[in-house]
Structures are given as C-alpha cells and as structure tokens.
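Visitor:
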Amino acid sequence: MKKTSLIAYLRTKRVLFIICGICLIASTLFFAFAWSAGLVGGRTTTQTFLKDTPSTFPAGYRRAHGKGICFDGTFRASGKGVPFSVARVFAQQKVPAVGRFSLGSPDPYAPDNSTRTVSMALMLTADDGEQWRMKLNNEPFFATRDAKGFLKQMDAYKPTPATGTPDPARVKAFLKEYPEAKKYVTWDATAPWTRSFAGAQYNVINSFILIAENGKKQAIRWSMRPHASFTSWSVSQRKQASHDFLFEDLKKRLQKGPLYWDLVVTLAESGDPVNDPSQVWPESRREIVAGTLEVSHVFDQANGGCRDINFDPTRVPKGITLSDDPVLLARAGIYSHSHNSRVREIGYGKATDAVGKRQNDNRKNK
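According to the numbering used here, the residues represented by the sequence shown are 30 to 395, in order.
Now the structure itself:
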C-alpha cells in the first residue's frame with residue numbers, strides 16, 4: 030500500500046473512531062439524564078416526590094410551602110463557631126441575610142390556621158462570597174428514617190373515597206415498616222400550634238459536618254431559637270383566626286421593632302445518629318450560640334429576591350459539608366426540580382404576582 034493511501038486509510042479510521050466515541054458519550058449522557066429524570070428504571074426520583082402536584086398548580090409558586098413572605102436582615106456571629114469551622118459566617122460581624130417565612134402547605138392560598146407547620150428559609154452571604162442556604166421547620170424531627178418512607182407515609186394516610194379517612198390496614202402496615210413514625214404521629218396529634226412566626230423555633234432536622242482549620246470534623250444540627258416568647262392557639266382561637274393571621278401578626282410585630290433568633294448549634298457525640306433525621310439527639314449534648322439573626326422587615330415575594338431563591342439546604346459554604354443523611358441528599362433534587370419549574374413559569378410570563386393572593390379575591394380576612 031502506498032504511503033499516501035495508508036495515511037488516507039488511517040485518517041478515515043480515526044474519523045470513524047471519533048464519531049463512535051462521540052456517539053457513545055452522547056448515548057451515555059442521554060441515558061444518565063433519562064435515569065435521573067425517572068424516565069427509565071423503577072427507583073424513587075425527584076419527580077416521584079412531586080407526582081401529586083396538580084397540573085393546575087398556580088404558576089410561579091413553590092410546590093411545597095407555597096404561601097410565604099420575604100424578609101431581610103442581618104446575622105451577627107458570636108465567634109463561638111470559629112473553633113469548629115473555617116466558614117466566614119462564624120467570624121464575620123455582620124452577614125447580610127435574605128429569607129422567607131412560610132406555611133407548611135402546598136396551597137399558596139391556604140388559610141393560616143390550616144397547618145401546624147411553619148418554616149423559615151434563610152440565605153447568608155459572607156464577605157468571601159460563600160453562601161449558606163438553609164431550610165428550617167418548627168417540627169423537631171423527620172417522620173421517617175429515609176425519603177422513601179415519607180412517600181409511603183403520604184400514601185398510607187391518604188383518605189379513602191369510601192370513608193374519607195385513611196385505611197387502618199394501610200396505616201398499620203406503614204407503621205410496622207417504619208415504627209419510628211409513631212413518634213411523629215404522636216407529636217403531630219399533641220404538640221401545640223404556634224400562634225406567631227416570631228415565637229416559633231425553627232429546626233434543621235438533618236445533620237451536617239463542620240470542618241475546622243486543622244481539618245477536625247464535628248457533626249452538628251442547629252436551630253433558630255426565638256427571643257420572642259412562644260404563644261399557642263387554643264382550638265377555638267384557631268378556628269376563629271383570620272385567613273392571614275400569622276402573616277399580619279408578623280407585620281405588626283416588625284412595625285414595633287426587629288425580631289431576633291439565636292443560631293444554636295448542637296454538637297454530636299460518638300454514637301449519635303447523624304444519618305437518621307427521625308432520631309433526636311439527647312438533650313445533654315453541648316450547644317453553642319454561634320450568632321444572632323435580626324429580621325428587620327418583611328415584604329411580598331413579588332417585591333423581594335426571596336421568591337427566586339432556591340433555598341437548597343445542601344448549598345453550604347467552605348467549612349461545612351453534608352452528612353450521609355439520605356433525606357438530606359434527596360432534598361437537593363426535589364428543591365432543584367421545583368425551582369426550575371417556577372423559574373420557567375415566571376420566565377414565560379405565567380406568574381406575574383406570585384404572592385399568595387387570588388386575583389379578584391374580595392373575601393374579608395385576606
């Protein structure tokens with residue numbers, strides 16, 4: 030074979046190899062995307078969690094905790110977190126804070142007396158550009174040890190068409206598989222309902238890891254502990270409460286002055302379950318007040334940046350890392366899926382005023 034012919038032959042083969050390589054890479058990426066989206070395989074995906082979201086869900090709203098209000102303020106570090114983490118938020122005197130108070134309901138038009146769950150979402154941005162995003166609820170622990178259990182709980186307690194109540198056999202089977210959920214069921218049935226966002230304690234039920242300057246690691250959980258006193262609703266007060274009672278109460282309180290929460294970090298000890306959010310750590314664990322959050326004012330989501338923030342709790346700064354909690358890992362994908370859907374709806378002009386009020390709604394007690 031002539032030299033020129035050999036070179037041409039090799040070039041042809043090289044092109045074929047490149048084309049085959051490109052096809053293989055493209056096929057791999059397509060399969061990976063399809064797998065992550067739940068188009069292939071039978072595993073639990075982010076779409077599995079959001080499958081019950083109605084197709085008529087109001088555009089621009091979160092798929093959970095739909096009714097909310099933005100706030101801004103300042104976090105002031107105490108310095109007590111510095112020995113445990115190199116994250117600047119533990120050392121910086123003033124850290125800008127943007128957040129959101131919300132109800133634990135997917136309905137953005139829900140009355141404030143419709144759920145016992147209230148939440149705080151928060152984003153702290155340190156002077157080195159690192160962000161710490163968090164999502165906290167007033168619930169003290171998660172119902173199940175993993176994310177799949179949460180789905181099974183929803184199915185088990187779904188009312189049957191015939192009776193309008195959950196099927197006892199299905200509930201019994203669920204509690205047998207997830208016995209830790211009995212603790213949550215008891216709490217949900219007996220714990221007092223908060224009468225104010227201001228007096229609620231907001232908890233991070235998942236575990237995280239602090240990394241110190243010398244590389245030492247410390248497992249933690251944390252809470253936002255209020256300076257305001259906790260007040261609860263009686264049954265009659267809750268039934269008679271106005272549609273937006275909690276939100277109006279928050280605004281009235283802030284007209285008198287800022288509201289404060291301490292960032293209380295709980296330090297795990299050997300043997301404490303860091304990968305099971307359904308288990309509570311002993312009350313004897315050491316706590317440090319890493320700083321104080323000052324909330325200065327609130328404003329509707331359409332007028333503030335919180336509407337468009339994905340408060341993904343896995344977005345942590347240098348000096349903090351994630352534990353192997355399976356619920357924590359599942360939340361990242363769920364939050365991303367919901368956020369992308371909202372951004373798409375807003376971008377296409379389907380959501381111009383996603384603030385929790387129906388248009389032409391002339392009801393009293395808005």
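The beta-carbon is built from N, C-alpha and C at its ideal position, and this holds for glycine as well. Quantities reported herein were computed from a predicted structural model and do not represent experimental measurements.
1. Contact criterion: CB-CB distance below 8 Å. Does Ser-307 meet it with respect to chain D?
2. Tell me which residue opens and which closes the beta strand (DSSP E) that Phe-104 is part of.
3. With Ala-248 and Asp-175 assumed to form a contact (beta carbons below 8 Å), what rounded beta-carbon distance in angstroms separates them?
4. Quick check on Ser-313: buried or exposed, where buried means 16 or more other Cβ atoms within 10 Å of its Cβ?
5. Would the region 283-298 count as touching the region 261-272 if we require 3 or more Cβ pairs under 8 Å?
6. Counting C-beta neighbours from all protein chains within 10 Å, is the total for Trp-64 16 or more, i.e. buried, or is it exposed?
7. In terms of residues, what are the limits of the beta strand (DSSP E) holding Val-309?
8. What are the start and end residues of the alpha helix (DSSP H) that includes Phe-203?
9. Sorted by chain position, which residues of the same chain lie with C-beta nearer than 7 Å to Leu-356's C-beta, five sequence neighbours on each side aside?
10. What residue range does the beta strand (DSSP E) around Gln-160 cover?
11. How many whole angstroms separate the CB atoms of Val-127 and Asp-101, which I take to be in contact at a CB cut-off of 8 Å?
12. Arg-162 and Phe-328 look like a contact to me (Cβ under 8 Å); what is the Cβ gap, rounded to whole Å?
13. Kindly provide the ranges of any beta strand (DSSP E) runs that are 3 or more residues long and lie completely inside the region 286-323, ordered along the chain.
14. Using 8 Å as the threshold, is the region 116-125 in touch with the region 241-258, meaning 3 or more CB pairs across them?
15. For the alpha helix (DSSP H) containing Gln-182, list its first residue and its last residue.
16. With DSSP collapsed to three states, give me the class of Ser-65.
17. Whose C-beta lies closer than 6 Å to the C-beta of Tyr-213 among residues of the same chain, with five residues either side of it excluded?
18. In whole angstroms, what separates the C-alpha of Val-309 from that of Asp-184?
19. Just to confirm before moving on: does the CB-CB distance between Ala-229 and Leu-279 stay below 8 Å?
20. Going by DSSP, what residues sit across from Ser-131 in a beta bridge?
21. Name the residue from Val-264, Phe-113, Val-293, Ile-98 whose alpha carbon lies nearest to the alpha carbon of Trp-222.
22. Looking at C-beta atoms only, is the number of pairs between the region 343-358 and the region 124-138 that lie closer than 8 Å three or more?
23. What is the residue span of the beta strand (DSSP E) that Ala-14 lies within?
24. At the level of alpha carbons, what is the spacing between Lys-211 and Ser-258?
25. Can you tell me whether Ser-297 is buried or exposed? The criterion is at least 16 other CB atoms within 10 Å of its CB, across all chains shown.
26. What are the boundary residues of the alpha helix (DSSP H) that Gln-121 is part of?
27. Suppose the cutoff is 8 Å on Cβ atoms and the five residues either side in sequence are ignored; what does the same chain contact list for Lys-181 look like?
28. What is the DSSP secondary structure of Trp-222, counted as helix, strand or coil?
29. For the beta strand (DSSP E) that Arg-250 lies in, which residues bound it at each end?
30. Do you know offhand how far Trp-262's Cα is from Gly-334's?
31. Report yes if the CB atom of Ile-317 is closer than 8 Å to the CB atom of Met-152, and no otherwise.
32. With DSSP collapsed to three states, give me the class of Thr-74.
33. With a CB to CB cut of under 8 Å and the five nearest residues on each side skipped, what residues in its chain are close to Val-115?
34. Taking Ser-236 as part of the beta strand (DSSP E), name the residues at either end of that continuous run.
35. Put Val-327 into one of helix, strand or coil per three-state DSSP.
36. Taking the alpha-carbon positions, what's the Lys-187 to Arg-315 distance?
Guide: Inspection of the coordinates gives the following:
1. Checking the listed chains, one finds no chain D in this structure; it contains a single protein chain.
2. 97-106
3. Not really, about 18 Å apart at Cβ, beyond 8 Å.
4. exposed
5. no
6. Unreliable positioning characterises Trp-64 in this predicted model, as indicated by a pLDDT of 34, which lies under 50. The coordinate reading is nonetheless provided below. It counts as exposed.
7. Taken as a continuous stretch (DSSP letters only), Val-309 belongs to no beta strand (DSSP E), as it is neither H nor E.
8. 197-206
9. In the sequence on display, residue 356 carries Val and not Leu. Phe-171, Asp-175, Ala-176, Asn-235, Pro-306, listed in sequence order.
10. 160-166
11. 5 Å
12. Actually they are not in contact, since the Cβ atoms of Arg-162 and Phe-328 sit about 19 Å apart, beyond 8 Å.
13. 288-296
14. no
15. 176-185
16. With a pLDDT of 39 at Ser-65, under the threshold of 50, the modelled position of that residue is not reliable, and no figure is offered here.
17. Ala-172
18. 25 Å
19. no
20. Gly-97, Ser-148
21. Val-264
22. no
23. The first residue shown for the chain is 30 and the last is 395, placing residue 14 beyond what the model contains.
24. 29 Å
25. Note on identity: in this sequence residue 297 is Ala, with Ser being the wrong assignment. Buried.
26. Careful: Gln-121 lies outside any alpha helix (DSSP H) and carries neither H nor E.
27. Thr-173, Phe-203, Glu-206, Tyr-207
28. coil
29. 246-255
30. 31 Å
31. no
32. The predicted model places Thr-74 with a pLDDT of 43, which falls under 50 and marks its position as unreliable; any figure quoted below should be read in that light. Residue state, collapsed to three classes: coil.
33. Ile-240, Ala-241, Glu-242, Lys-347, Gly-348
34. 231-240
35. strand
36. 40 Å
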